[in-house]
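Taking this note's numbering, the leading residue of the sequence shown gets 8, the next gets one more, and so forth.
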Amino acid sequence: DLIGESSGINAEYGGFIKVDKDYVLSFAEKSKVGGVKQFHMMSSQGANANSYFLYTQVKGEVDDKIMNMGFERSVVYRPAVLLVKRNETRYGELAAQWLLGWADRGRSMSIQIKDVADSMVGAIFDETSGVLDNRSIIAKAAAFRAKDSEGS
């Protein structure tokens with residue numbers, strides 16, 4: 008269940024907005040006031056404040072606000088479907104992961120969770136700023152791993 012959820016579909020939407028928008032923006036604002044210089048945040052492929060779909064619309068609104076908060080560096084990661092093993096079973100997500108893991112060899116619709124993590128670690132230590140789409144995340148992860156293996 009979502010934090011703040013009570014009952015019914017409107018409560019689910021309200022819970023989603025509370026968690027994915029209100030809490031994120033509150034945390035970002037408190038971070039800015041506290042002197043945080045850079046802010047990194049994972050969003051979603053397709054995020055767009057003008058979307059007709061609630062999920063991508065809310066993600067886009069949050070992305071836009073984060074990018075305009077005045078951090079020295081803001082990075083928004085917009086990965087596609089995450090290929091990750093979860094403890095809980097989400098059958099629709101499991102089917103999508105299986106299908107995309109098999110069919111999406113070019114990784115335009117899916118991404119390994121390790122690529123997202125490696126790109127985030129790499130971006131913390133370089134001058135990356137802005138919005139990174141799925142292909143940019145994969146490229147940054149590869150560059151980070153190459154640089155990391157040179158230093159080992």
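The beta-carbon is built from N, C-alpha and C at its ideal position, and this holds for glycine as well. Nothing here was measured: the structure is a model prediction, and the numbers come from that model.
| task | Name the one or two DSSP bridge partners that G22 has. | result | Beta-bridge pairing links G22 to no other residue.
| Below 8 Å between beta carbons: does that hold for Y84 and V26? | no
| field | N-terminal and C-terminal residue of the beta strand (DSSP E) that F46 is part of | value | 45–49
| Is the beta carbon of A87 sitting closer than 8 Å to the one on D71? | no
| task | For my contact list, I144 and S126 are in at a C-beta cut-off of 8 Å; report their separation, rounded to the angstrom. | result | 5 Å
| field | Same chain, Cβ closer than 8 Å to F121, neighbours up to 5 away in sequence not counted | value | Reading the sequence as shown, one finds Lys at residue 121 and not Phe. Excluding sequence neighbours, K121 sits near A148.
| field | R142 to V65 span [Cα, whole Å] | value | 22 Å
| field | Coarse secondary structure for N138, derived from DSSP in three states | value | The amino acid at residue 138 is misidentified as Asn; the sequence shows Val. Residue state, collapsed to three classes: strand.
| In terms of alpha-carbon separation, which member of I24, G53, I73, T135 lies closest to E36? | I73
| message | Please return the same chain residues whose Cβ sits closer than 7 Å to the Cβ of S58, not counting the five positions on each side in sequence. | response | Q64, G67
| request: Note the first and the last residue of the continuous alpha helix (DSSP H) segment covering Q119. | output: Counting along the chain, Q119 falls outside any alpha helix (DSSP H), though it belongs to the beta strand (DSSP E) covering 117–119.
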